[in-house]
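Take the sequence shown: its position 5, counting from 1, is numbered 4 in numbering that gives the first Met the number 0, and each next residue is one higher.
Each residue gets a CB set at the ideal place from its N, CA and C atoms; glycine is no exception.
This structure is a prediction, so every number in the text was calculated from the model and none was measured.
I have placed the structure first, in the form of structure tokens, so that the comments after it can refer back to it.
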Amino acid sequence: MVEQNGVSQADFVDFLVKSEEFVRERGAISYRILPKVVRALRNDKLEIIESNDLEWLNEPLLKAGFKYYSGFKHEFDMDVNMHVYLKDLTELSEDDVASTYNQTTRRNLRAAIKKGVNVRKIGESEFADFVAILKSSNQKNGVGTRDEEYYHNLKTCFGEQAHFMGVEFEGKLISAGVFIFSKNEVVYFEGGTLQEYRKIPASTFLQDYMIKEAIRVGASKYNFYGITAEPKASLLRFKAGFRGVAVEYAGEYRKRYLLRTIFSKIFRK
């Protein structure tokens, strides 16, 4: 395979040369590249079911002095995700998509419906509540939480593409998530549930609602975003309940510019 997503080795080399010129002109100390190119597809046990030869990508990067950092991470990466969980929506309708979920997820969805929960949009004036929900979930999972300003900036950056959605139970916001819409894909960027309401499967209800919304707007993919290396991890188990595939991207390549690194160390003393 000499290309992916319409990008050939010649295209990539041209990008690499020009981008290195760009970062050098601006005095960069290091350059980090994480190509959104698929290295492998994995099942829910994270066993490889399909792989791609990425020598066309790897060769010019290593030749240019980049070092490769690979492998599944056991911790959740708040910066960028090289391993995500995707669901193909191309042949699914709003009416039949729930039938593709596993038994546990379908049961949880029915339980949430029986509880009478509902989904609504979250306004920027409610972002403090949104962050509190994330913090409640993240503390349980040992993950940090970004501050409220981050989400205001995210909304400013993405505008109408960023949908902040919440699940209400008896008039109280108990679960929430932020979803980024693009032409062919909806990304579940981040979300959580208040721990005192964790027995109500509100997150399952919200995911089902947004998957159906993705189908309504014509998206071909629903991206559950990041997963970790442990097949038994609750994060992967939850996302896998919606029946998709784990995608491993090319990985991380880094290059440090030696002289600038030395000067940086001197000036820090």
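*Should residue 0 be labelled buried (16 or more other beta-carbon atoms within 10 Å of its own) or exposed?*
Taking the sequence shown and counting its residues from 1, the one referred to as residue 0 is at position 1. Low per-residue confidence applies at residue 0: pLDDT is 38, beneath 50, and the placement is therefore not dependable enough to give any value.
*Can you give the Cα-Cα distance for residue 32 and residue 101, rounded to whole angstroms?*
For the purposes of this step, residue 32 is taken as the residue at position 33 of the sequence shown. For the purposes of this step, residue 101 is taken as the residue at position 102 of the sequence shown. Roughly 36 Å between the two C-alpha positions.
*Note down, one range per segment and in chain order, each beta strand (DSSP E) of at least 3 residues found wholly within the region 76-154.*
82-87 and 117-120
*Determine the direct distance from the alpha carbon of residue 222 to that of residue 185, and round the result to whole angstroms.*
For the purposes of this step, residue 185 is identified with residue 186 of the sequence shown, where counting begins at 1. For the purposes of this step, residue 222 is identified with residue 223 of the sequence shown, where counting begins at 1. A straight line joining the alpha-carbon of residue 185 with that of residue 222 spans about 6 Å.
*On the three-state DSSP scale, how would you describe residue 0?*
For the purposes of this step, residue 0 is identified with residue 1 of the sequence shown, where counting begins at 1. Bear in mind that the predicted position of residue 0 carries a pLDDT of just 38, short of 50, making it too unreliable to give a figure here.
*Cα-Cα, which of 241, 236 and 248 is closest to residue 44?*
Taking the first residue of the sequence shown as position 1, residue 44 is located at position 45. It is 236 whose Cα lies nearest to the Cα of residue 44.
_I need the straight-line Cα distance from residue 172 to residue 190, nearest angstrom please._
Counted from its first residue, the sequence shown places residue 172 at position 173. Counted from its first residue, the sequence shown places residue 190 at position 191. Near 13 Å, if we compare the C-alpha coordinates of residue 190 and residue 172.
*Starting from the Cα of residue 16, find the closest Cα among 140, 49, 62 and 37 and give me that residue.*
For the purposes of this step, residue 16 is taken as the residue at position 17 of the sequence shown. Checking every option, the nearest Cα to that of residue 16 belongs to 62.
*Grab the span of the alpha helix (DSSP H) containing residue 256 for me, first residue to last.*
As a first step, residue 256 must be located in the sequence shown, where it is residue number 257. Unbroken run through residue 256: none, as it is neither H nor E.
_Cβ-based neighbour list, residue 135, same chain, cut-off 6 Å, excluding 5 preceding and 5 following_ = Within the sequence shown, the letter at position 136 stands for residue 135. Around residue 135: 193 and 194.
*Report the rounded CA-to-CA distance for residue 113 versus residue 120, giving the unit in angstroms.*
The residue given as residue 113 occupies position 114 in the sequence shown. The residue given as residue 120 occupies position 121 in the sequence shown. Distance between the alpha carbons of residue 113 and residue 120 is about 21 Å.
_Under DSSP, the alpha helix (DSSP H) around residue 19 begins and ends at which residues?_
Taking the sequence shown and counting its residues from 1, the one referred to as residue 19 is at position 20. Element bounds for residue 19: 8-24.
*Please look up how many angstroms separate the CB atoms of residue 253 and residue 86, rounded, as I've assumed it's under 8 Å.*
The count along the sequence shown starts at 1 and reaches residue 253 at position 254. The count along the sequence shown starts at 1 and reaches residue 86 at position 87. Rounded, the Cβ-Cβ distance is 31 Å, inconsistent with contact.
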